[in-house]
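Engineer: Counting from -10, one number per residue, gives the positions in the sequence shown under my numbering.
Would you mind keeping the following structure in view while I ask a few things?
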Amino acid sequence: MDIRWLTAFLDFPADTFGDEVTFWRAIAGSTVSPPRGEQREFATLEPFNGDPHLRVQRIGRGPGGVHIDLHVDDPRTAAVEAVGLGATIRNDNGHLLVLESPAGFVFCLVDWTGESRRSRPIRWPDDTISIIDQVCIDVPTGLFDREVTFWAQLTGWETQRISRPEYVRLQRDPQLAVGILLQRQDFGVVPTATGHVDLATNSVAQEVARHEDWGARLVESREHWTVMSDPVGRPYCITSRNPRTGD
-10 MDIRWLTAFL DFPADTFGDE VTFWRAIAGS TVSPPRGEQR EFATLEPFNG DPHLRVQRIG
50 RGPGGVHIDL HVDDPRTAAV EAVGLGATIR NDNGHLLVLE SPAGFVFCLV DWTGESRRSR
110 PIRWPDDTIS IIDQVCIDVP TGLFDREVTF WAQLTGWETQ RISRPEYVRL QRDPQLAVGI
170 LLQRQDFGVV PTATGHVDLA TNSVAQEVAR HEDWGARLVE SREHWTVMSD PVGRPYCITS
230 RNPRTGD
């Protein structure tokens, strides 16, 4: 499968949609497109440079979460390949197909419409540089190896072990604005895979302070990343990766 572009989708319940869009627009340093869709449920967080790689969706039920769109030349052919690797088709909407990975993480296959310009990070007034550039798929322990194999085969990207054994990063095409990290969850009962977004920044402390000013809450600080909760409780991470390269 030739993945031409990858978009991170933030799915918000209807009763928090407006406030969530306001927060994430501010954090991303973006503007918001006019709504679209049959029920005006979709919008794009428009970057100041490059092609969009963040979108938002108002959902009718459930707590919301994160999913990814894979932009390909032929979604139906790609869906056959994905199913052969272990995915299941959850919904066929004609112009897009909604699937689940073997561990239950939701992703969509959509038409590629020429996106190719990777956004540059935002430089804030305090000289902090940051960008939302990664989706972390949180996978139950027993499903982790199978999930890593699935995403590596689906994308064709090399796997890269990093400093902690519970993480595997897929080595993305450097032209893409969003990468994929997989995390093995060793605690609690997580029946299916979920996801969260990660920011890369040159100053975690400054970025945390900026997010707190917008209503986010610090949950946990670690050596290379900080776990945050947005104003309605959605988890995400601020990491000390290079915001220009993602490394």
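Note that beta-carbon positions come from the ideal geometry of N, C-alpha and C, so glycine has one too.
These numbers come from a predicted model, not from an experiment.
1. Apply the 10 Å Cβ neighbour rule to S90 and answer buried if 16 or more other Cβ atoms are within range, or exposed otherwise.
2. Just to confirm, are A189 and Q123 a CB contact at a threshold of 9 Å?
3. Does H200 pass the burial test, meaning 16 or more other C-beta atoms within 10 Å, or should it be called exposed?
4. Please check the pair E136 and D40, which I expect to be a contact at CB under 8 Å, by giving their CB distance rounded to whole angstroms.
5. Is the separation between the beta-carbon of L88 and that of Q46 shorter than 9 Å?
6. So what does G168 bridge to, in DSSP terms?
7. Under 9 Å between the Cβ atoms of I239 and E30?
8. Please state if the CB of I(-8) and the CB of T144 are separated by a distance shorter than 9 Å.
9. Does the separation of the CB atoms of D187 and Y225 fall below 9 Å?
10. Assuming the contact rule is C-beta atoms closer than 8 Å, T(-4) and H42 should be a hit. Round their C-beta distance to whole Å, please.
11. Count the other CB atoms within 10 Å of the CB of H84; is the residue buried (16 or more) or exposed (fewer)?
12. Could you have a look at V95 and say whether DSSP puts it in helix, strand or coil?
13. Considering I57, what are the terminal residues of the beta strand (DSSP E) in which it resides?
14. Determine the direct distance from the alpha carbon of R79 to that of I57, and round the result to whole angstroms.
15. Just to confirm my understanding: we take G53, look at its own chain, exclude 5 residues before and 5 after, and list those with CB closer than 7 Å. What are they?
16. Which residues bound the alpha helix (DSSP H) around V221?
17. Taking the alpha helix (DSSP H) that Q195 belongs to, which residues open and close that run?
Structural biologist: Per the coordinate set shown:
1. buried
2. yes
3. Here H200 is buried: its Cβ has 16 or more other Cβ atoms, across all protein chains shown, within 10 Å.
4. With 8 Å as the limit, E136 and D40 do not qualify as a contact, their Cβ atoms being about 28 Å apart.
5. Their beta carbons are not under 9 Å apart, which means L88 does not touch Q46 by this criterion.
6. Q123
7. An answer regarding residue 239 cannot be provided, because it is not within the stretch -10 to 236 covered by the chain.
8. yes
9. yes
10. 5 Å
11. It is exposed - the Cβ of H84 has fewer than 16 other Cβ atoms within 10 Å.
12. Three-state result, V95: strand.
13. 54 to 61
14. Just so you know, the alpha carbons of I57 and R79 end up roughly 14 Å apart.
15. For G53, same chain residues with a beta-carbon under 7 Å away, outside a window of 5 residues either side, are D0, F1, P2 in chain order.
16. Counting along the chain, V221 sits inside no alpha helix (DSSP H), nor does DSSP assign it H or E at all.
17. 193 to 202
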